[in-house]
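K.L.:
Its first residue numbered 1, the sequence shown is counted upward by one per residue in UniProt numbering.
Please read through the structure below; I'll follow up with questions.
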Amino acid sequence: MHTFYQHHPFEHRWTKDRPLEQVIRNPSQPVRTRHQLESDGEMYMFALTEELHQFDRLDVWELIDRPLCKNGYAQKEVVDFKESFAPVAWLEAVRLFIAYAAHKSFTVYHMDVKTAFLYGPLKEEVYVNQPDSFVDPYHPDKVYRLKKALYGLKQAPRAWYDELSNFLVSKGFSKGSIDPTLFITKHRGDILLVQIYVDDIIFGIRIHQSPRGILINQAKYAQEM
């Protein structure tokens, strides 16, 4: 998808070393549309069609006349958007959450929000070209104006976090004072914890059971790769 913005390299930051044997491919190599079409074009087009259906369902964009703009592809902080930082739970916090749930005999549920970034309303004016192979034949010169955040936008993670945070708070949850990715609500002696890790959500709800330990893995994710 050709757009008026471009991806920027991640800022350098210190991270913990990870075992090289866990890396199954070059993480810096981007997904190339032409390569995907050549290797598995039918499945790629099916996935892209499904994604665009989600755009329509969530009212992500609208087709408009091409605006006059200069260097519209370059996103500059403060000028084109105000905030891009979104809190992310430390892995240590997730481990502590799991350990606490095991200690208290909580039942833990996990969910992944599909196309999470598409739920975040966009405050700024952002335009993108129509996707290749999906250009409106009656309006080929028009572009899309984004209503919701799109993958690749610097403010997309922040927009998603604000949307989810506001929803949970409206349902009676309180945000953690130290960890803003942990949300808590209590009702008649029971407690419900919600730990957020970008678009992954972990629930812990108190029930009566014997503590037998908790095992976490990514088997389902590995099978889908």
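Yeah, the Cβ is synthetic: ideal placement off N, Cα and C, and Gly gets one too.
Residue 194 to residue 128, Cα distance in whole Å?
P.N.:
Position 194 of the sequence shown, counted from the first residue, corresponds to residue 194. Position 128 of the sequence shown, counted from the first residue, corresponds to residue 128. Approximately 34 Å, taken between the alpha carbons.
K.L.:
Which residue from 162, 96, 65, 192 puts its Cα closest to that of residue 173?
P.N.:
Position 173 of the sequence shown, counting from 1, holds the residue named residue 173. Taking only the C-alpha atoms, the option nearest residue 173 is 192.
K.L.:
Provide the residue span of the beta strand (DSSP E) that contains residue 62, from first to last.
P.N.:
Locating residue 62 in the sequence shown gives position 62, counting from the first residue. Taken as a continuous stretch (DSSP letters only), the beta strand (DSSP E) holding residue 62 covers 61 to 64.
K.L.:
I'd like the ranges of any beta strand (DSSP E) spanning at least 3 consecutive residues and lying wholly in the UniProt domain "Reverse transcriptase Ty1/copia-type" (70 to 202).
P.N.:
106 to 112, 143 to 146, 182 to 187, 190 to 197
K.L.:
Using the Cα positions of residue 65 and residue 182, report the straight-line distance between them to the nearest angstrom.
P.N.:
Sequence index remark: in the sequence shown, residue 65 carries index 65 (1-based). Sequence index remark: in the sequence shown, residue 182 carries index 182 (1-based). Their Cα atoms are separated by approximately 43 Å.
K.L.:
Does DSSP put residue 48 in a helix, in a strand, or in coil?
P.N.:
Here residue 48 corresponds to residue number 48 of the sequence shown, with the count starting at 1. Correct three-state label for residue 48: helix.
K.L.:
Please report the distance separating the alpha-carbon of residue 120 from that of residue 46.
P.N.:
Counting from 1 along the sequence shown, the entry for residue 120 is found at position 120. Counting from 1 along the sequence shown, the entry for residue 46 is found at position 46. For the pair residue 120 and residue 46, the Cα-to-Cα distance works out to about 25 Å.
K.L.:
Is the Cβ-Cβ distance between residue 146 and residue 164 less than 8 Å?
P.N.:
Here residue 146 refers to the residue found at position 146 of the sequence shown. Here residue 164 refers to the residue found at position 164 of the sequence shown. Taking 8 Å as the Cβ cut-off, residue 146 and residue 164 do not qualify as a contacting pair.
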